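Enquirer:
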Amino acid sequence: MASIIDGKAVATAVRAQVARDVEAFHAESGRRPGLATVLVGDDPASGIYVGGKQKAGKEVGIAGFDHRLGADAARDDVVALLADLNADPAVSGIIVQLPLPGHLDGTELTGLVRPDKDVDGLTPISAGLLALGRPGLRPCTPAGVMRLLAEAGTDLQGAEAVVIGRSNLFGKPMAQLLLQANATVTVCHSRTRDLPEVTRRADVLIAAVGQDRIVKADWVRPGATVIDVGINRADDGLHGDVDFDAVQEVAGAITPVPGGVGPMTIAMLLSNTLGAARMQAPA
Ligand code: NAP
Numbered sequence: 001m002a003s004i005i006d007g008k009a010v011a012t013a014v015r016a017q018v019a020r021d022v023e024a025f026h027a028e029s030g031r032r033p034g035l036a037t038v039l040v041g042d043d044p045a046s047g048i049y050v051g052g053k054q055k056a057g058k059e060v061g062i063a064g065f066d067h068r069l070g071a072d073a074a075r076d077d078v079v080a081l082l083a084d085l086n087a088d089p090a091v092s093g094i095i096v097q098l099p100l101p102g103h104l105d106g107t108e109l110t111g112l113v114r115p116d117k118d119v120d121g122l123t124p125i126s127a128g129l130l131a132l133g134r135p136g137l138r139p140c141t142p143a144g145v146m147r148l149l150a151e152a153g154t155d156l157q158g159a160e161a162v163v164i165g166r167s168n169l170f171g172k173p174m175a176q177l178l179l180q181a182n183a184t185v186t187v188c189h190s191r192t193r194d195l196p197e198v199t200r201r202a203d204v205l206i207a208a209v210g211q212d213r214i215v216k217a218d219w220v221r222p223g224a225t226v227i228d229v230g231i232n233r234a235d236d237g238l239h240g241d242v243d244f245d246a247v248q249e250v251a252g253a254i255t256p257v258p259g260g261v262g263p264m265t266i267a268m269l270l271s272n273t274l275g276a277a278r279m280q281a282p283a
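As structure tokens, then:
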């Protein structure tokens, strides 16, 4: 029976550490890290996500700048706001909450965030730094998975790691981080031939597909570490991409949904915001 990797507990510990580090940073520098969120439109889910990020920031002593623009905001208004936030020394990190309304280009606008304030780690510069193995801000969810693997004591050196999903948000940066940790990485996607045959090779299997419980017990190598990134809403609650009940009989360690990867994302965002503030600290 697999051990359960308790993401909620790890995230709580990360947040407590960030809170202590924020206080130390404040004592040294007289500054507080600041997190600016930009929400365009009135999508209720996005409003809840932004509110959650700001609340979590406040709890660890990060200053909040919660910017909300109407659904009909012009591109130039968002560009001007981002320019102001890029220039504002009180703002260490900037998030453009996606998706944006249809008339705005999310890729273009997130790309305008100054790289050293890119706490979502999604700009082309941040992606490039990651690909080159150079220091930079890393996307929060893959960074959270790396932290969970470390907490679970998973040895990545030379391990076979399989990532299902190749999104810019998760799959690609996840693969890069695993590669940097010296895993042998395979990235699967919707055109992968015989997916179970590939996933059965994995010492570490990471599923980020967005399909309810697609990963079955016979896809998993006995003793493997299984990380479930998927969030799928069903009538009976939230499910991951992994058939948890069956897979936990085979795996060595596994993350639950909810309570696994999910809580790590905001924790790593807070950690990134502090890291960004440190990068911007005057020498
Ligand atoms: P995405 O952009 O929709 O990417 C899904 C990936 O899965 C794509 O690469 C797609 O392949 C692949 N895929 C789809 N069906 C497949 C199949 N039958 N077999 C193999 N591969 C398949 O999604 P995402 O943004 O990466 O997110 C993935 C999941 O993680 C979602 O459930 C999302 O809600 C969740 N998520 C959770 C968090 C968190 O904080 N916990 C953060 C981010 C994402 P193609 O590229 O060929 O289309």
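Numbers 1 to 283, taken from our numbering, label the letters of the sequence shown in order.
C-beta: ideal position from N, C-alpha, C; glycine also.
Since the model is a prediction, treat every value here as computed from it, not as a measurement.
1) Expressed to the nearest angstrom, what Euclidean distance is found between the alpha-carbon atoms of R147 and A9?
2) Taking 8 Å as the cut-off, does the CB of R166 come closer than this to any heavy atom belonging to the ligand NAP?
3) If you follow the alpha helix (DSSP H) that D212 is in, where does it begin and where does it stop?
4) Give me the residue from R32, V18, A36 and V163 with the minimum Cα distance to V113.
5) Skipping 5 residues on each side, what residues in its chain have a beta carbon closer than 8 Å to that of Q211?
6) Taking only runs that begin and end inside the region 126–211, name each unbroken beta strand (DSSP E) of 3 or more residues, in chain order.
7) Quick test of the definition: if touching needs 3 or more C-beta pairs under 8 Å, does the region 49–69 touch the region 120–131?
8) Taking a contact to mean a Cβ-Cβ separation below 9 Å, would you say A131 touches S167 in this structure?
9) Measure how close the beta-carbons of T184 and A161 come, nearest whole angstrom, since I'm counting them as under 8 Å.
10) Report whether the distance from the Cβ of V261 to the nearest heavy atom of the ligand NAP is below 8 Å.
11) Let me know if Q248 comes out buried or exposed under the rule of 16 or more other beta-carbons within 10 Å of its beta-carbon.
12) Compute the minimum distance between the beta carbon of G93 and the heavy atoms of the ligand NAP, and state whether it is under 8 Å.
13) Going by other Cβ atoms of all chains shown within 10 Å of its Cβ, with 16 needed for buried, is V79 buried or exposed?
Expert: Taking the coordinates as given:
1) As a working note, residue 147 is residue 147 in the sequence shown. As a working note, residue 9 is residue 9 in the sequence shown. Roughly 12 Å separates the two Cα atoms.
2) Walking along the sequence shown from the start, residue 166 turns up at place 166. True, at least one ligand heavy atom lies under 8 Å from that Cβ.
3) Position 212 of the sequence shown holds residue 212. First-last for D212: undefined, no H or E at that position.
4) Start at 1 with the first residue of the sequence shown, and residue 113 comes out as number 113. Among R32, V18, A36 and V163, the Cα nearest to that of V113 belongs to A36.
5) Numbered from its first residue, the sequence shown carries residue 211 at position 211. If we look at Q211 and ignore the five residues flanking it on each side, its Cβ neighbours are G230, N232 and D241.
6) 160–164, 184–188 and 204–207
7) no
8) Start at 1 with the first residue of the sequence shown, and residue 131 comes out as number 131. Start at 1 with the first residue of the sequence shown, and residue 167 comes out as number 167. Contact: no.
9) Sequence index remark: in the sequence shown, residue 184 carries index 184 (1-based). Sequence index remark: in the sequence shown, residue 161 carries index 161 (1-based). With 8 Å as the limit, T184 and A161 qualify as a contact, their Cβ atoms being about 7 Å apart.
10) Stepping through the sequence shown from its first residue, residue 261 is reached at position 261. Yes, the ligand NAP has a heavy atom inside 8 Å of this Cβ.
11) Position 248 of the sequence shown, counted from the first residue, corresponds to residue 248. That one is buried.
12) Here residue 93 refers to the residue found at position 93 when the sequence shown is read from its first residue. Because no heavy atom of the ligand NAP lies under 8 Å away, the Cβ of G93 does not count as near it: no.
13) One-based indexing of the sequence shown puts residue 79 at position 79. By the 10 Å Cβ count, V79 comes out exposed.
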